[in-house]
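Residue numbers (my numbering), protein chains in the order written: chain A, 257 to 497; chain B, 257 to 497; chain C, 2 to 279.
Glycine residues also receive a C-beta, built at the ideal position from the N, C-alpha and C atoms.
Here the structure is a predicted model, which means the values were calculated and not measured.
First up is the structure itself, then whatever we jot down about it.
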Amino acid sequence: MSNAVEANVLPFPHLLEGADSGPATETLRMVRIVEAMIFASREPVAEKAIAARLPEGTDIGELLADVQMAYANRGVNLVRVGDAWAFRTADDLAFLLQKEAVETRRLSKAALEVMAIIAYHQPVTRAEIEEIRGVVTSKGTLDVLMETAWVRMRGRRKTPGRPVTYGTTPDFLDHFGLEQVRDLPGLDELKGAGLLQSQVPANFAVPMPNDDDDLQDDEDPFTLDDVEELGLLTPGGAGDE
Amino acid sequence: MSNAVEANVLPFPHLLEGADSGPATETLRMVRIVEAMIFASREPVAEKAIAARLPEGTDIGELLADVQMAYANRGVNLVRVGDAWAFRTADDLAFLLQKEAVETRRLSKAALEVMAIIAYHQPVTRAEIEEIRGVVTSKGTLDVLMETAWVRMRGRRKTPGRPVTYGTTPDFLDHFGLEQVRDLPGLDELKGAGLLQSQVPANFAVPMPNDDDDLQDDEDPFTLDDVEELGLLTPGGAGDE
Amino acid sequence: MNNPTNPSADQETGDLWESPTPVDRTLSDPDFTVDVDGFEGPLDLLLAMARTQKVDLSKISILALAMQYLKFVEQARKLRLELAADYLVMAAWLAYLKSRLLLPAPEGDPEPSGEELANQLAFRLQRLEAMREAAVHLMNRNRLGRDVFSRGDPEPVVIDRKQHFSANLFDLLTAYASQRQRQSVSSVTIARREVWSLSDAREILTRLMGKLSDWTPLDVFLAEYMVDPEERPGVIASSFAASLELVREGALEIRQSDSFAPLYMRQINQNPVPAAQG
Numbered sequence: 257m258s259n260a261v262e263a264n265v266l267p268f269p270h271l272l273e274g275a276d277s278g279p280a281t282e283t284l285r286m287v288r289i290v291e292a293m294i295f296a297s298r299e300p301v302a303e304k305a306i307a308a309r310l311p312e313g314t315d316i317g318e319l320l321a322d323v324q325m326a327y328a329n330r331g332v333n334l335v336r337v338g339d340a341w342a343f344r345t346a347d348d349l350a351f352l353l354q355k356e357a358v359e360t361r362r363l364s365k366a367a368l369e370v371m372a373i374i375a376y377h378q379p380v381t382r383a384e385i386e387e388i389r390g391v392v393t394s395k396g397t398l399d400v401l402m403e404t405a406w407v408r409m410r411g412r413r414k415t416p417g418r419p420v421t422y423g424t425t426p427d428f429l430d431h432f433g434l435e436q437v438r439d440l441p442g443l444d445e446l447k448g449a450g451l452l453q454s455q456v457p458a459n460f461a462v463p464m465p466n467d468d469d470d471l472q473d474d475e476d477p478f479t480l481d482d483v484e485e486l487g488l489l490t491p492g493g494a495g496d497e
Numbered sequence: 257m258s259n260a261v262e263a264n265v266l267p268f269p270h271l272l273e274g275a276d277s278g279p280a281t282e283t284l285r286m287v288r289i290v291e292a293m294i295f296a297s298r299e300p301v302a303e304k305a306i307a308a309r310l311p312e313g314t315d316i317g318e319l320l321a322d323v324q325m326a327y328a329n330r331g332v333n334l335v336r337v338g339d340a341w342a343f344r345t346a347d348d349l350a351f352l353l354q355k356e357a358v359e360t361r362r363l364s365k366a367a368l369e370v371m372a373i374i375a376y377h378q379p380v381t382r383a384e385i386e387e388i389r390g391v392v393t394s395k396g397t398l399d400v401l402m403e404t405a406w407v408r409m410r411g412r413r414k415t416p417g418r419p420v421t422y423g424t425t426p427d428f429l430d431h432f433g434l435e436q437v438r439d440l441p442g443l444d445e446l447k448g449a450g451l452l453q454s455q456v457p458a459n460f461a462v463p464m465p466n467d468d469d470d471l472q473d474d475e476d477p478f479t480l481d482d483v484e485e486l487g488l489l490t491p492g493g494a495g496d497e
Numbered sequence: 002m003n004n005p006t007n008p009s010a011d012q013e014t015g016d017l018w019e020s021p022t023p024v025d026r027t028l029s030d031p032d033f034t035v036d037v038d039g040f041e042g043p044l045d046l047l048l049a050m051a052r053t054q055k056v057d058l059s060k061i062s063i064l065a066l067a068m069q070y071l072k073f074v075e076q077a078r079k080l081r082l083e084l085a086a087d088y089l090v091m092a093a094w095l096a097y098l099k100s101r102l103l104l105p106a107p108e109g110d111p112e113p114s115g116e117e118l119a120n121q122l123a124f125r126l127q128r129l130e131a132m133r134e135a136a137v138h139l140m141n142r143n144r145l146g147r148d149v150f151s152r153g154d155p156e157p158v159v160i161d162r163k164q165h166f167s168a169n170l171f172d173l174l175t176a177y178a179s180q181r182q183r184q185s186v187s188s189v190t191i192a193r194r195e196v197w198s199l200s201d202a203r204e205i206l207t208r209l210m211g212k213l214s215d216w217t218p219l220d221v222f223l224a225e226y227m228v229d230p231e232e233r234p235g236v237i238a239s240s241f242a243a244s245l246e247l248v249r250e251g252a253l254e255i256r257q258s259d260s261f262a263p264l265y266m267r268q269i270n271q272n273p274v275p276a277a278q279g
C-alpha cells in the first residue's frame, strides 16, 4: 500500500503511515470528523455543531483552517459561510458541472436593485430602500426576495412606527460565495465614498454645470478616486471629457 | 504557505508545490475533475461519464484507484457502486450522521382517549374504538400510540375484513404504574373518584380489561403476510413469530 | 412599468421577475420624449437622462439634467399624458433646484443653496447607480448552483428521535371516563324493531291455525305476540301478508266488514261453515 500511496498525486501524509504518535493520530481523527460532517451535508454546517463533536477545548478555528488549506487546490474546497462551513466544488471547474446547474428564475432589475440595497445597507427599512430608489417598492418585490431565501426580516427599527428592518441570510452568503457580509464586493469603496449613508457626505460634491471654473475647484480628488473605484464608469465610457 | 502545509496533517503532496512538471500537474487536474464531478452529482457517477471528461487514453481505472486510496483514511471515502463512483462517509464515522433528539411529547386528548379505550376494551379493533368514541379515529392517533410503545397490534379479529386487534404492552403497565391491566379502576371506582357521574345509564359498563398474551377465541394470530404488511418487523419486535 | 394613469398604484406591479426579452429603453426611446414606461420612477429616468449627457456621473451637469427633465414633463403635459405623482413631485423639486442654481441666494437665506441641492441630487443618483453596479457584481460572482456546487447526494443526518411521551394514569382515566360519559349521554341507541319476515309469519300462522275454531280477529289471534306495542305494526303487517298468501292457497279465509274494521280469519275445511256473523 505504501508504494501506491507514494505514487499517488494525493498521498496521505507520512504521519498516517506509522500512525502511533498520539497527537497526530488525534488530529487526524478530528480532521476526519470535520471532513465527514461537512461533506455529508448539502447545507453549510455550523461551527458550533462541529465543535460539539470534537473534544472540548479543541481549537476548532485552527483545525478548520488546516482542513481548508488541505483542500485549497482540490476539486472540492472547504468554504466558510458565516458561522458555518461547507464543501463546494472549485469555481474553476464550473464548466464540468453544467449538468448539475439548477435553472433558477431570474430576478427582475427592480428586485436585483432592492436586493443589493438590502445587502449593502442592512439593516434597512422599506422606506429607506424607497428613498434610495426614489420609487415605491411593491410588497411583491420584497416577497420575491424573501422567497429566494436571500433576504430576511431582521427586526424593527427603534423609530416611530417601528418599521421592519431587512437584511441578508446565510443562504445569501452561500449563494454568492461570500464568507461574510463584510466581503461584499466594493463594500469598502462604497463606504469610503459615503454612498452607503442616507445623507450627503460632507465631502461630497458634484461640479456645478454652469461654472467650469468651479468644476476645477470642486474637484475633490478623494471623491473622484472613489467614483472610479466604484466602477461607476460604464464600459466604453472615457469619462474625462 | 508551504510551512502551513507542512504542519498540516493532510498536506498536499510536494508534487504540487513546484507544480510545473507536466505529468504531475496533469494528473492533479484530472484528480480535481474526478473529485468535483463525483461530489456534485446527485447519484453515483458512471466511470464512462468521468472518462468522457478526461483526456482520451487516460487510465481511468488507475486514476480512480489512486483517488480512492487518497481518500481511504479520510472522513469521506470514494466507493464504487456497480460501475459508478460516489463519496460516502467513512463507515466508522457513521455515528456522526446520527443525532439523538429526545423530546417529550404530551399525548393529545384524542390519543389519551383511544389509549384508554384500548386499555379497557382490549382486544379491540379500530371500528370498535370508533363506535365507543362516536368519532372516526385517525390513523395518526393509532400511529402515535404505537410509537409510545404502550399499544401493540395483537392479531386479527375473526370477522369479515379481519380487522387488527389492539391491546396494551408491558411498557404500558410500567409507565402507568400498574401491576396488571386488571388493576385499572372499574365502574364503581371511577364513580368513587368522581371521574364518572353517579347517574350513568343502566347499560353503562366498564369492561374488565384483559391483556393476556394468549389470543382470545375470536382472534387470529398474524400471518407472515401481516407481519410484512403491518410493518411489524421492528427491532426486537415480533418478527420471529 | 409605471402606470401613468394610476399614480397611487404600486410602481412595480407585475414585473418582479425579469421578462424574457428585456427592452433596451434608451434604444426604444432615445429622447425620452413622452414615454415613462419602463422607468422605475423619476430617479431612474434621471439616471437614464444623465447617461445621455455624460457617462461619468461625477461630471454631469445637474442643471442641464434638471432642465432636460422639466422639458420632458412639459412635453408630456402638452400631450396630455398623465404622469405618476412621483414624476411631478420630482419636477417641482427640480424647478426649485433650477431657480436656486440660476438666481443668487438672498442674504441670510436659511434655505439650502442651489449647490447643496445639486449635491443632494447627484448623491442620490450616484448612490442608486452604485447599488445597480453592486447588483451586477453580485450576480456575476461564482454562484452556488450555477458555477459552484454543493454535495449532490448529501448523506442526511438520521435523527434518532427518542420520543418521550408524557401521560399519567389520572390523565388516562379522566379521558376515558369523560368520553364514555359523553358518549353515553349523546348516543341514543335505537333498538332494532322486531320484524317478522314473511316466512316467519307464515310459519307462526300455520302453527296457530289449528287453534282457530271459528272466525277470529287477527289481533286476538296474535295477542300473545303483541305484548310490546312497538312490535304491533310490524307483526300485523307481516302476518296479514302471510295470511293473504294462505288465503290464495285456500287454507284460510279472511273477512273484514269495513275499512279499518277488525280482520277475521278462520281455517277452511276444518269445521262446517258456521252462520255468518253480523
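Any idea which residues DSSP pairs residue 120 of chain C with across the strands?
The bridge partners DSSP lists for residue 120 of chain C come to none.
Specify the secondary structure class of residue 218 of chain C as computed by DSSP and reduced to three states.
DSSP places residue 218 of chain C within a strand segment (E or B) once states are collapsed to three.
Would you say the stretch 339-354 of chain A touches the stretch 142-150 of chain C, given that touching needs at least three Cβ pairs under 8 Å?
Short answer: they touch.
Positions along the stretch 332-345 of chain B whose CB lies within less than 7 Å of some CB in chain A:
Interface annotation for the stretch 332-345 of chain B against chain A: 332, 343, 345, criterion Cβ-Cβ distance under 7 Å.
Per DSSP, what kind of secondary structure is residue 250 of chain C in: helix, strand or coil?
Residue state, collapsed to three classes: coil.
Are residue 46 of chain C and residue 97 of chain C closer than 9 Å when you measure CB to CB?
The answer is no: Cβ separation not under 9 Å.
Quick one: list the residues of chain A neighbouring residue 292 of chain B, beta-carbon separation under 7 Å, in chain order.
Within chain A, the C-beta atoms nearer than 7 Å to that of residue 292 of chain B come from 331, 332, 345, 346, 349, 352, 353, in chain order.
At which residues does the beta strand (DSSP E) containing residue 421 of chain B begin and terminate?
That run of the beta strand (DSSP E) goes 420-424.
For residue 212 of chain A, the three-state DSSP class (helix, strand or coil):
Because chain A here runs from 257 to 497, residue 212 of chain A falls outside it and cannot be looked at.
The beta strand (DSSP E) spanning residue 345 of chain A covers which residue range?
Its beta strand (DSSP E) spans residues 340-345.
Using a beta-carbon distance below 9 Å, is residue 158 of chain C in contact with chain B?
So yes, residue 158 of chain C belongs to the interface.
Closer than 9 Å to chain B by CB, residue 287 of chain A
Chain B contact via Cβ: present.
Residue 41 of chain C: contacting residues in chain A (beta-carbon distance under 9 Å)
Taking a Cβ-Cβ threshold of 9 Å, the residues of chain A close to residue 41 of chain C are 365, 366, 369, 389, 390, 391, in chain order.
Using beta-carbon positions only, say whether residue 366 of chain A and residue 404 of chain A come within less than 9 Å of one another.
Taking C-beta atoms as the reference points, residue 366 of chain A and residue 404 of chain A fail to come closer than 9 Å.
From the DSSP output, read off the bridge partner residues of residue 333 of chain B.
Answer by DSSP bridge pairing, in chain order: B:344.
What residues of chain A sit near residue 296 of chain B, judged by a beta carbon separation below 7 Å?
Residues of chain A with a Cβ closer than 7 Å to the Cβ of residue 296 of chain B are, in chain order, 345, 353, 356.
Write down the C-beta distance between residue 49 of chain C and residue 372 of chain A rounded to the nearest angstrom, noting that I regard them as a contact closer than 8 Å.
That belief does not hold up - the Cβ atoms of residue 49 of chain C and residue 372 of chain A are roughly 18 Å apart, past 8 Å.
Within-9 Å CB hit, residue 150 of chain C to chain B
Interface residue, yes.
Are residue 174 of chain C and residue 449 of chain B touching if we call contact CB-CB under 9 Å?
Yes, Cβ-Cβ distance for residue 174 of chain C and residue 449 of chain B is below 9 Å.
Complete alpha helix (DSSP H) runs within the stretch 141-188 of chain C (minimum length 4 residues, chain order)
For the alpha helix (DSSP H) assignment, the uninterrupted runs of no fewer than 4 residues enclosed by the stretch 141-188 of chain C are, from N- to C-terminal side, 170-187.
Apply the 10 Å Cβ neighbour rule to residue 42 of chain C and answer buried if 16 or more other Cβ atoms are within range, or exposed otherwise.
The Cβ neighbour count for residue 42 of chain C, taken over all protein chains shown within 10 Å, is at least 16; the residue is labelled buried.
Buried or exposed: residue 397 of chain A, going by 16 or more other Cβ atoms within 10 Å of its Cβ?
The C-beta of residue 397 of chain A has 16 or more other C-beta atoms within 10 Å across all chains shown, which makes the residue buried.
6 Å CB neighbourhood of residue 442 of chain B in its chain, flanking five on each side removed:
Residues of the same chain with a CB within less than 6 Å of the CB of residue 442 of chain B, apart from the 5 flanking positions on each side, are 462 in chain order.
Can you check DSSP and say which residues form a bridge with residue 475 of chain B?
BP columns for residue 475 of chain B point to B:413.
Taking DSSP as the reference, what is the three-state secondary structure of residue 402 of chain B?
Residue 402 of chain B falls in the helix class under three-state DSSP.
DSSP state of residue 257 of chain C mapped onto helix, strand, coil
The three-state reading of DSSP puts residue 257 of chain C in strand, counting E and B together.
Same chain, Cβ closer than 6 Å to residue 101 of chain C, neighbours up to 5 away in sequence not counted
Counting only Cβ-Cβ distances below 6 Å, and skipping sequence neighbours, we find 115, 118.
Beta strand (DSSP E) containing residue 264 of chain C: first to last residue?
For residue 264 of chain C, the uninterrupted beta strand (DSSP E) run begins and ends at 264-268, by DSSP.
Taking Cβ positions only, does residue 412 of chain B come closer than 9 Å to chain A?
Chain A places no beta carbon closer than 9 Å to that of residue 412 of chain B, leaving this residue out of the contacts.
Taking a cut of 7 Å between CB atoms, which residues from the stretch 83-110 of chain C lie near chain B?
Cβ contacts with chain B come from no residue of the stretch 83-110 of chain C.
How far does the alpha helix (DSSP H) with residue 73 of chain C in it reach, from first residue to last?
Start and end: 63-79.
With a CB to CB cut of under 6 Å and the five nearest residues on each side skipped, what residues in its chain are close to residue 421 of chain B?
Excluding residues within five positions, the ones whose Cβ falls inside 6 Å are 379, 381, 410, 411, 413, 475.
Between residue 356 of chain A and residue 296 of chain B, is the Cβ-Cβ spacing less than 9 Å?
Taking 9 Å as the cut-off, the Cβ atoms of residue 356 of chain A and residue 296 of chain B count as close.
Quick one, which of C:204, C:261, C:262 has its alpha-carbon nearest residue 240 of chain C's?
For the residues C:204, C:261, C:262, the minimum Cα distance to residue 240 of chain C belongs to C:204.
At 7 Å on the CB atoms, spell out the chain C contacts of residue 404 of chain B, in chain order.
Ordered by position in chain C, the residues that pass the 7 Å Cβ test against residue 404 of chain B are 166.
Could you tell me which of C:57, C:90, C:58, C:53 sits nearest to residue 71 of chain C, measuring between CA atoms?
Closest option to residue 71 of chain C, Cα to Cα, is C:90.
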